[in-house]
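Chemist: The structure is given below, and queries will be raised subsequently.
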Ligand code: NDP
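Numbering (the working numbering), first residue to last: 64 to 552.
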């Protein structure tokens with residue numbers, strides 16, 4: 064697929080279709096140009112913030128009743144769903160993810176708008192019971208201009224996860240997608256405009272993090288920052304936000320423990336482990352990347368895992384039989400391969416994978432084989448640092464105390480999974496794991512209404528559900544006096 068034209072971005076009523084500089088979206092499965100997008104500059108950030116501030120201040124959106132906002136949000140969701148196939152295909156070229164996964168992400172994006180529309184319909188403010196001659200209430204109000212910055216691994220879904228609640232809360236949103244996957248954000252902006260969202264309330268600015276992202280974060284007109292991406296980037300953004308005293312929501316990296324006890328339903332656990340690591344080719348913040356298996360079943364479980372990993376079908380994203388597509392870029396594949404080399408140097412044994420597939424049909428893309436490594440201690444770099452690829456490290460454990468110590472011995476705390484037939488143990492261990500999401504006898508399930516976010520270096524704040532709406536709202540308490548006499552001094 065080669066798009067000859069430059070896809071423009073729009074700030075207010077003005078289109079920007081600069082032919083230079085541009086961002087090229089590369090199809091990771093064969094290295095071809097999937098699309099070319101006009102690239103925003105820091106000056107565009109300034110313009111976009113001014114337009115967004117004007118749109119916010121002129122009140123056509125924030126002063127609507129929430130149920131009136133809901134109808135536009137429903138319409139955005141409806142239009143995303145109506146364009147499902149085209150959006151999913153574009154997403155596939157943009158990100159290299161299997162088509163089916165892209166379709167799920169488009170469905171998910173549509174459902175974020177529908178869900179927050181429904182919340183708008185039913186949203187209630189808090190009334191406090193009187194303690195004097197007044198009544199008081201706490202109202203949720205928007206911040207103003209929200210900057211949303213997203214990574215490349217789940218375009219449109221990550222973007223809708225931020226845009227839908229931020230708009231529902233009455234804010235204006237400026238979205239900077241990853242330079243690797245700039246195309247879906249532009250489509251989302253088009254759909255918002257076509258659905259009747261007032262001009263200037265949603266702007267997509269394709270650009271690089273180091274200039275456009277940094278300019279957004281530092282801009283005095285931006286009153287709230289919502290970021291999903293790597294922990295180090297998140298830390299840099301939080302530092303700037305801290306000095307500006309601007310609230311942040313941070314969804315960051317992970318190194319999630321995936322735990323199998325010897326009393327688990329082992330076939331179910333095996334399937335969960337495989338989908339938990341190889342889904343999205345391991346390019347998932349919640350991927351189960353550290354496998355802890357009880358020592359009594361460790362060898363047999365890992366042997367079978369190796370065999371099953373060998374059988375994972377790596378293929379082109381539009382091949383319905385493919386279970387795993389390519390990595391996002393050549394540079395990222397090199398980074399993943401470098402981690403496997405580090406693991407080897409640290410004494411790890413690569414039991415399967417650890418290389419590119421030997422398949423001429425995949426030779427032009429950034430594919431990497433499902434990889435299992437054992438023989439490392441949990442302190443090894445491959446067990447501590449986020450690899451963000453299809454690389455699983457396996458570690459034995461003796462008992463619950465040993466397990467919890469190892470599982471929590473990481474700077475991250477995004478997610479964890481455990482498989483056991485003992486409900487009391489499941490509950491005990493789930494409560495001890497330091498993670499924002501814990502899956503028991505399942506893995507990587509998500510629910511639009513269930514809070515999502517990280518402990519420790521995996522983030523600050525929660526998205527999804529009512530938590531997601533609160534993230535984009537500030538609270539104003541109003542006291543309404545009804546006293547009959549003057550207030551006493
Ligand atoms: P990065 O942190 O490199 O980038 C994320 C976004 O931030 C991109 O849009 C990037 O721009 C932008 N950016 C980079 N530097 C700055 C800066 N100084 N100021 C403002 N913005 C900046 O992450 P990746 O894109 O590589 O994504 C992978 C990471 O995302 C992994 O660590 C993964 O765990 C995490 N992630 C977390 C999730 C969660 O919910 N917890 C979900 C999905 C991913 P550009 O790329 O255009 O330069």
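Even for Gly, the Cβ is constructed at its ideal location relative to N, Cα and C. In this text, all values refer to a predicted model and were calculated from it rather than measured experimentally.
1. Using the rule of at least 16 other Cβ atoms within 10 Å of the residue's Cβ for burial, across every protein chain shown, is residue 107 buried or exposed?
2. Between 182, 185, 144 and 353, which has its C-alpha nearest residue 165's C-alpha?
3. Hey, is residue 215 close to ligand 1, as in C-beta under 7 angstroms from one of its heavy atoms?
4. Kindly examine ligand 1 and report whether one of its heavy atoms sits closer than 7 angstroms to the Cβ of residue 240.
5. If we call anything under 8 angstroms between Cβ atoms a contact, is residue 452 one with residue 346?
6. May I ask you to report which of helix, strand or coil DSSP gives residue 437?
7. For the alpha helix (DSSP H) that contains residue 14, what are its first and last residues?
8. Leaving out five residues before and five after residue 79 in sequence, what residues of the same chain have Cβ atoms less than 6 angstroms from its Cβ?
9. What is the DSSP secondary structure of residue 79, reduced to helix, strand or coil?
10. Roughly how far, in whole angstroms, is the beta-carbon of residue 289 from the beta-carbon of residue 211, given that I think they are within contact range, below 8 angstroms?
11. Go ahead and label residue 468 buried or exposed: buried means 16 or more other beta carbons lie within 10 angstroms of its beta carbon, across all protein chains shown.
12. Quick check: the Cα distance between residue 344 and residue 431, rounded to an integer number of angstroms?
13. Quick check: the Cα distance between residue 172 and residue 244, rounded to an integer number of angstroms?
14. Of all the options 394, 389 and 515, which has the alpha carbon lying nearest to the alpha carbon of residue 381?
15. Residues in its own chain within less than 7 angstroms of residue 111 by CB, not counting five upstream and five downstream?
16. Measuring alpha carbon to alpha carbon, tell me which residue in 396, 496, 197 and 525 is nearest residue 510.
17. Does the beta-carbon of residue 65 have 16 or more other beta-carbons within 10 angstroms, so that it is buried, or is it exposed?
18. Using a Cβ-Cβ cut-off of 7 angstroms (strictly less than) and excluding sequence neighbours within five positions of residue 86, which residues of its own chain qualify?
19. Does at least one heavy atom of ligand 1 sit under 7 angstroms from the Cβ of residue 348?
20. Roughly how many angstroms separate the alpha carbons of residue 353 and residue 116, rounded to a whole number?
Modeler: This is what the structure gives:
1. When all chains shown are included, residue 107 counts as buried.
2. Across the set 182, 185, 144 and 353, the C-alpha of 144 shows the shortest separation from the C-alpha of residue 165.
3. Distances from the CB of residue 215 to the heavy atoms of ligand 1 include at least one below 7 angstroms.
4. Yes, ligand 1 has a heavy atom inside 7 angstroms of this Cβ.
5. Contact: yes.
6. DSSP places residue 437 in the strand class (E or B) of the three-state scheme.
7. No answer is possible for residue 14: the residues shown for the chain start at 64 and end at 552.
8. The beta carbon of residue 79 is closer than 6 angstroms to those of 71, 72 and 101 in its chain, skipping five residues each way along the sequence.
9. Here residue 79 sits in strand by DSSP.
10. That pair is a contact at about 5 angstroms.
11. So residue 468 counts as exposed.
12. Across the structure, residue 344 and residue 431 are spaced so that their CA atoms are roughly 8 angstroms apart.
13. Rounded to the nearest angstrom, the two C-alpha atoms are 16 angstroms apart.
14. Residue 381 has its Cα closest to that of 389, out of 394, 389 and 515.
15. In the same chain as residue 111, and ignoring 5 residues on each side of it, the C-beta atoms closer than 7 angstroms to its own belong to 74, 237, 266 and 268, in chain order.
16. Closest by alpha carbon: 525.
17. With a pLDDT of only 45 at residue 65, under the threshold of 50, the placement of this residue in the model should not be trusted; the figure read from the coordinates follows. Classification for residue 65: exposed.
18. Correct list, in chain order: 100, 102, 242, 245 and 269.
19. Yes; taking the cut-off as 7 angstroms, the Cβ of residue 348 has a heavy atom of ligand 1 nearer than that.
20. Take the alpha-carbon of residue 353 and the one of residue 116: they are about 45 angstroms apart.
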